[in-house]
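To start, the structure under review is shown below, and the notes come after it.
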Amino acid sequence: MPLVSLADIQLAAARIGPVVVRTALEPSPSLSRLAGVPVHLKMEHRQRTGAFKLRGASNAVLSLPPGTRGVVAASTGNHGRALAHAAREAGLACTICLSRLVPANKVAAVEALGARVHIRGDSQDDAQREADRLAAAEGLVGVPPFDHPAIVAGQGTIGLEIVEDLPDVETVLVPLSGGGLIAGVAAAVKALSPRARVVGVSMERGAAMATSLQAGRPIEVEELPTLADSLGGGIGLSNDWTFEATRQLVDEVVLVTEAEIAAGIRHVYQEEREIVEGAAAVGIAALLSGRVRPRGATAVLLTGRNIDPGLHLRILNGADALEQDA
Ligand SMILES: *Cc1c(COP(=O)(O)O)cnc(C)c1O
Numbered sequence: 349m350p351l352v353s354l355a356d357i358q359l360a361a362a363r364i365g366p367v368v369v370r371t372a373l374e375p376s377p378s379l380s381r382l383a384g385v386p387v388h389l390k391m392e393h394r395q396r397t398g399a400f401k402l403r404g405a406s407n408a409v410l411s412l413p414p415g416t417r418g419v420v421a422a423s424t425g426n427h428g429r430a431l432a433h434a435a436r437e438a439g440l441a442c443t444i445c446l447s448r449l450v451p452a453n454k455v456a457a458v459e460a461l462g463a464r465v466h467i468r469g470d471s472q473d474d475a476q477r478e479a480d481r482l483a484a485a486e487g488l489v490g491v492p493p494f495d496h497p498a499i500v501a502g503q504g505t506i507g508l509e510i511v512e513d514l515p516d517v518e519t520v521l522v523p524l525s526g527g528g529l530i531a532g533v534a535a536a537v538k539a540l541s542p543r544a545r546v547v548g549v550s551m552e553r554g555a556a557m558a559t560s561l562q563a564g565r566p567i568e569v570e571e572l573p574t575l576a577d578s579l580g581g582g583i584g585l586s587n588d589w590t591f592e593a594t595r596q597l598v599d600e601v602v603l604v605t606e607a608e609i610a611a612g613i614r615h616v617y618q619e620e621r622e623i624v625e626g627a628a629a630v631g632i633a634a635l636l637s638g639r640v641r642p643r644g645a646t647a648v649l650l651t652g653r654n655i656d657p658g659l660h661l662r663i664l665n666g667a668d669a670l671e672q673d674a
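Residue 572 in my numbering sits at position 224 of the sequence shown; the count goes up by one each step and never skips.
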């Protein structure tokens, strides 16, 4: 499988420009002091729908052939929201499949974005089977959350913006789960700035890509509850795009603990007045804990802000893990 190219990412940027926010890259005095290098934060948690996933979802939707009946996905999280929003913007029908275990407020949030919700089964796998069934039965196009070239190219537009705003960037820290984000960002950054190092950051609890890279092939890992819930889930045993791209383009992958993620969420709130979810705090966690030693001008991606307000408050009050009262 060939990798997504710089030209693919530039095309995606032109396509999605009108429907996504070009987010700021802001210097962080506190992190620059701590790390001893200039640190900049890419404010992608301020993206529409609260996470960067709108870029990939919009690129996928806007790349569909005319006459497409609609799109379908199984996701309760940031991808589901992004796809529902992108489909509505494009005037396309969207169905999101959820399991019965998904809380009512999440169902309502997807419905509020104009998507049809199908509730089936008791697990994410059941919901995915329903999405596959609907795709076949109704002629809908399934849009996966990361392992798809249009998704990778859309997320890669973040890399274009980082190099445009910080041409001498030498280190980029990227939250890593399925790898759609890092595959796109690394492709863009390395094409424009070959000296730059791209570092992936995952949580220790259930790091599927890190385990797979070590094994040299996609591996299933047990999914564990984590503050970085948007980084949970596997990379797919028959991964087509993101495993190979990550293997080839990413210089290093580091893992952070739950307590380090909590410290990252607190730091970015106290020092920058930004609210981010756990998945978005892992880059800062890696800097604060010293697990990454950045070289030169450094960009840290803040990827999303969709955290439960009660959980955010507990963390600000000192909680260092899920379910732990301060
Ligand atoms: C999806 C997501 C990620 C990880 O992106 P991948 O393409 O799966 O690696 C990171 N942060 C947030 C907030 C996300 O929603």
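Note that CB positions come from ideal geometry on N, CA and C, so glycine has one too.
The shortest C-alpha to C-alpha distance from Ala484 to any of Ala421, Tyr617, Ile467, Val549 is the one to Ala421.
Distance from the CA atom of Val369 to the CA atom of Ala460, rounded to whole angstroms, is 21 Å. Residue range 377-383 is occupied by the alpha helix (DSSP H) that includes Leu379, with no beta strand (DSSP E) assigned at that position.
Distance from the Cα of Ser578 is smallest, within the candidate group Leu514, Ala438, Ala629, for Ala629.
Leu636 sits buried, since 16 or more C-beta atoms from the chains shown fall within 10 Å of its C-beta.
Taking the CA atoms as reference points, Ala383 sits about 17 Å from Ile613.
Here Arg363 is near Leu410, since their CB atoms are less than 7 Å apart. For ligand 1, a non-hydrogen atom lies closer than 6 Å to the CB of Ala399. Taking C-beta atoms under 8 Å as the contact rule, Asp480 and Asn587 fail to qualify, at a distance of about 17 Å. Per DSSP, reduced to three states, the secondary structure at Gly527 is coil, with no helix or strand assignment. Checking the DSSP bridge columns, you'll see Lys390 partnered with Leu373, Leu649.
Pairing Leu575 with Gly666, the inter-Cα distance amounts to about 14 Å. Residues Gly548, Ala558 of the same chain have their beta carbon placed closer than 6 Å to that of Val601, with the five preceding and five following residues left out of the count.
Comparing alpha carbon positions, the residue from Ala633, Val624, Leu440 closest to Ala611 is Ala633. Judged by DSSP in its simplified three-state form, Gly487 adopts coil rather than helix or strand. Between Ala435 and Val419, the gap from beta carbon to beta carbon is short of 7 Å. Annotation: the continuous alpha helix (DSSP H) that includes Glu437 extends over 426-438.
Within 10 angstroms of the beta-carbon of Ala535 lie 16 or more other beta-carbons, which makes it buried.
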